[in-house]
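Some notes on the structure that comes next.
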Amino acid sequence: MRERFESILGAERVVSEPAALDAYNDDYSEHDPVTPVLALLPESVEQVQAIVRLAAELRVPLTPRVAGTNVGGLAIPPQGGVVVDLRRMNRVIAVHAEDMVAVIEPGVTQQQLKDHLESAGLPLTFGFSLGPRRSSVLANLTLDGLTNRSVKYGSMGEWAAGFEVVLADGSVARTGAWALSDLPFAKSPFPDLSGLFIGWQGTTGIVTKAAFHLAPKHPLNERLFILAYSTRGTYEAMRRLCRLETCDDIGGLSWPTGKMMLGVPRPHPVPDDGEPRFFLYVDLTAEAHEELAYKREALRGVLEALRAGGEKFEDPLDVSTLVKINLAMGKFASFPTDLDFLTDHPGKGLTWIGTYGPLSRFDEAADEGVRIMVEHGVAPAIVSRAMKDGHFGVLRFLAIFDKKNPEEIARVKAVNLALLRAMTDRGFVMYKTPPWALRELQSRIDPGMWELMRRVKSVLDPQGILNPGKLLLP
Numbered sequence: 088m089r090e091r092f093e094s095i096l097g098a099e100r101v102v103s104e105p106a107a108l109d110a111y112n113d114d115y116s117e118h119d120p121v122t123p124v125l126a127l128l129p130e131s132v133e134q135v136q137a138i139v140r141l142a143a144e145l146r147v148p149l150t151p152r153v154a155g156t157n158v159g160g161l162a163i164p165p166q167g168g169v170v171v172d173l174r175r176m177n178r179v180i181a182v183h184a185e186d187m188v189a190v191i192e193p194g195v196t197q198q199q200l201k202d203h204l205e206s207a208g209l210p211l212t213f214g215f216s217l218g219p220r221r222s223s224v225l226a227n228l229t230l231d232g233l234t235n236r237s238v239k240y241g242s243m244g245e246w247a248a249g250f251e252v253v254l255a256d257g258s259v260a261r262t263g264a265w266a267l268s269d270l271p272f273a274k275s276p277f278p279d280l281s282g283l284f285i286g287w288q289g290t291t292g293i294v295t296k297a298a299f300h301l302a303p304k305h306p307l308n309e310r311l312f313i314l315a316y317s318t319r320g321t322y323e324a325m326r327r328l329c330r331l332e333t334c335d336d337i338g339g340l341s342w343p344t345g346k347m348m349l350g351v352p353r354p355h356p357v358p359d360d361g362e363p364r365f366f367l368y369v370d371l372t373a374e375a376h377e378e379l380a381y382k383r384e385a386l387r388g389v390l391e392a393l394r395a396g397g398e399k400f401e402d403p404l405d406v407s408t409l410v411k412i413n414l415a416m417g418k419f420a421s422f423p424t425d426l427d428f429l430t431d432h433p434g435k436g437l438t439w440i441g442t443y444g445p446l447s448r449f450d451e452a453a454d455e456g457v458r459i460m461v462e463h464g465v466a467p468a469i470v471s472r473a474m475k476d477g478h479f480g481v482l483r484f485l486a487i488f489d490k491k492n493p494e495e496i497a498r499v500k501a502v503n504l505a506l507l508r509a510m511t512d513r514g515f516v517m518y519k520t521p522p523w524a525l526r527e528l529q530s531r532i533d534p535g536m537w538e539l540m541r542r543v544k545s546v547l548d549p550q551g552i553l554n555p556g557k558l559l560l561p
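Numbering (this note's numbering), first residue to last: 88 to 561.
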């Protein structure tokens, strides 16, 4: 098998040495490692086509992977599988500045695309995930992740304008307007077949190019942090600010998240008396100083109204001021950023239950999540964000752990299971959902949905070679 893949790619782009393959056997999470039999590094769509055709002939499962920064085990291959490492396909194909559309390959990182736009002098930007700078923009898009622009635009999949995708028989298809137009301006007006490759975790095709919308980059911007002293106050502020439509980003970090960011690796699960419960953060951007002043005043009005109702908030502090007080705050000065307190700590382990859900239920859900994490002896680190003008939001519970410590692995597995059950009971839905969580939820998900997913998978991948096992699909 190795020789046949080498005939397609050349020996230098086929990884077969056991020590080198270990780099592909896990991610940040607690999922059990599985070492692939090979890792392949294509550099063109034609090579991906040839790989898929040969895999179909040999009945070899393929798992696409880029940076390996996932925490759901989604790029860990099945036993006997082959990893398709797409990092070398890293070209920014085009930026259509007037139409605010970019076309990129899978290996384009967040930092790379930001640098490309800035070097071209384009007043354009895109949504950054809280993943490392080296994270793949395309991967976050196809996994429908969140970004720092989710308040206005929703999850990342909503930015998609079309895909170039290699199907399980090695053929290539383009979706959206790109199927006809040379400029991939939107998923419409054709049937939205781009959705066949968003949230499917690589089980329906290997996306080799993505077209997606960019956003205007305004000359004036402020990132403000506000200490909040109750869960209810934090999320009521978030809900009210969404209705004003004045903020680019609105999020909340629980007190342990803030402490970890400031250098406390394992904060105590219970806050000290008088400590804030959350750090509310808000991004404001504007074209003119008068516009920025109005947005500041609108924020002040929301905080004053909530104070009048008994809530406690400190006055907003600009992140540049906070950086002068503590350099660690520089991690939040601009995006993308490497949150090394989560990804580069000595134990190397990071896990989460990340959910999308209705903002109206955030107060109760967050308090219940805190209770569960404290009960398990885990610092209740929460990252939350309003999305799509407040129609929903992300509520994510984080835990770091030592990947070499079985007791810590068992603890985070237990807390994740308890959190998954509690959030599902409240109508929240886990995103980037790993197989273990879907097995837990299988009896609760609409059976018609399961059957429809199986039918789609069987049509697009009849031999079951594309990332089998993910989404519990063959």
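Don't be surprised by glycine CBs; every beta carbon is placed ideally from N, CA and C.
Item checked: CB contact flag (residue 437, residue 94, <9 Å) -> In the sequence shown, counting from the first residue as 1, residue 437 sits at position 350. In the sequence shown, counting from the first residue as 1, residue 94 sits at position 7. No, they are not a contact pair.
Margin query: With H, G and I counted as helix, E and B as strand and the rest as coil, what does DSSP make of residue 366?
Written below: Position 279 of the sequence shown, counted from the start, is the residue given in the question as residue 366. Looking at residue 366 - three-state DSSP - the assignment turns out to be strand.
Check: Any heavy atom of the ligand GTP closer than 8 Å to the CB of residue 532?
Finding: Summarising the ligand content, the structure contains no ligands, and the ligand GTP is consequently not present.
Next item on the list: For residue 323, count neighbouring C-beta atoms within 10 Å of its own C-beta (all shown protein chains included) and say buried if the count is 16 or more, exposed if not.
Entry: By one-based count along the sequence shown, residue 323 stands at place 236. Buried.
Check: For residue 452 versus residue 509, is the C-beta spacing smaller than 9 Å?
Finding: In the sequence shown, residue 452 corresponds to position 365, counting from 1. In the sequence shown, residue 509 corresponds to position 422, counting from 1. Residue 452 places its beta carbon less than 9 Å from that of residue 509.
Next item on the list: Leaving aside the five residues before and after residue 170 along the sequence, list all residues of the same chain whose C-beta is less than 6 Å from its C-beta, in chain order.
Entry: Within the sequence shown, residue 170 is the residue found at index 83, counting from 1. Correct list, in chain order: 111, 123, 126, 150, 152 and 164.
Checklist line | Start-end ranges of the beta strand (DSSP E) lying completely within the stretch 234–300, minimum 3 residues | finding: Within the stretch 234–300, complete beta strand (DSSP E) segments of at least 3 residues are found at 247–253, 259–261 and 293–300, given in chain order.
Next item on the list: For the beta strand (DSSP E) containing residue 484, list its first residue and its last residue.
Entry: In the sequence shown, the residue the question calls residue 484 occupies position 397. 479–489 is the extent of the beta strand (DSSP E) around residue 484.
Next item on the list: Sort 231, 156, 134 and 519 by Cα distance to residue 196 and report the nearest one.
Entry: Start at 1 with the first residue of the sequence shown, and residue 196 comes out as number 109. Of 231, 156, 134 and 519, the smallest CA-CA separation from residue 196 is found for 156.
Note to self: Per DSSP, what are the beta-bridge partners of residue 471 in this structure?
What the structure shows: Taking the sequence shown and counting its residues from 1, the one referred to as residue 471 is at position 384. 339 and 482, per the DSSP bridge assignment.
Item checked: Among 524, 496 and 519, the one whose alpha carbon lies nearest that of residue 507 -> Numbered from 1 along the sequence shown, position 420 holds the residue referred to as residue 507. Of 524, 496 and 519, the residue nearest in Cα terms is 524.
Check: Just how far apart, CA to CA, sit residue 92 and residue 147?
Finding: The count along the sequence shown starts at 1 and reaches residue 92 at position 5. The count along the sequence shown starts at 1 and reaches residue 147 at position 60. Spanning the two alpha carbons is a distance of roughly 12 Å.
Note to self: Classify residue 268: buried if its beta carbon has 16 or more other beta carbons within 10 angstroms, exposed otherwise.
What the structure shows: Locating residue 268 in the sequence shown gives position 181, where the first residue counts as 1. Within 10 angstroms of the beta-carbon of residue 268 lie fewer than 16 other beta-carbons, which makes it exposed.
Notebook entry, point to check: For the putative contact between residue 238 and residue 335, defined by C-beta atoms under 8 Å, what is the C-beta separation to the nearest angstrom?
Noted result: Counting from one through the sequence shown, the residue named residue 238 turns up at place 151. Counting from one through the sequence shown, the residue named residue 335 turns up at place 248. The beta-carbon separation of residue 238 and residue 335, rounded to 6 Å, stays under the 8 Å limit for a contact.
Checklist line | Which listed residue (539, 271, 291 and 174) has its alpha carbon closest to that of residue 183 | finding: For the purposes of this step, residue 183 is identified with residue 96 of the sequence shown, where counting begins at 1. Nearest in C-alpha terms to residue 183, of all of 539, 271, 291 and 174, is 271.
Next item on the list: Could you pull out every residue in the same chain whose Cβ sits closer than 6 Å to the Cβ of residue 521, ignoring the five residues on either side in sequence?
Entry: Locating residue 521 in the sequence shown gives position 434, counting from the first residue. The residues are 159 and 160.
Margin query: In this structure, how does DSSP classify residue 400 when only helix, strand and coil are distinguished?
Written below: Along the sequence shown, one-based indexing puts residue 400 at 313. Looking at residue 400 - three-state DSSP - the assignment turns out to be strand.
Notebook entry, point to check: Is the beta carbon of residue 225 sitting closer than 9 Å to the one on residue 191?
Noted result: Residue 225 sits at position 138 when you count from the first residue of the sequence shown. Residue 191 sits at position 104 when you count from the first residue of the sequence shown. Yes, they are a contact pair.
Check: Hey, would you say residue 287 sits closer than 9 Å to residue 229, going by beta carbons?
Finding: Taking the first residue of the sequence shown as position 1, residue 287 is located at position 200. Taking the first residue of the sequence shown as position 1, residue 229 is located at position 142. Taking 9 Å as the cut-off, the Cβ atoms of residue 287 and residue 229 count as close.
Notebook entry, point to check: For residue 555, which residues of its own chain have a beta-carbon under 7 Å away from its beta-carbon, when the five flanking residues on both sides are left out?
Noted result: Position 468 of the sequence shown, counted from the start, is the residue given in the question as residue 555. For residue 555, where only same-chain residues beyond five positions count, the Cβ hits under 7 Å are 148, 165 and 561.
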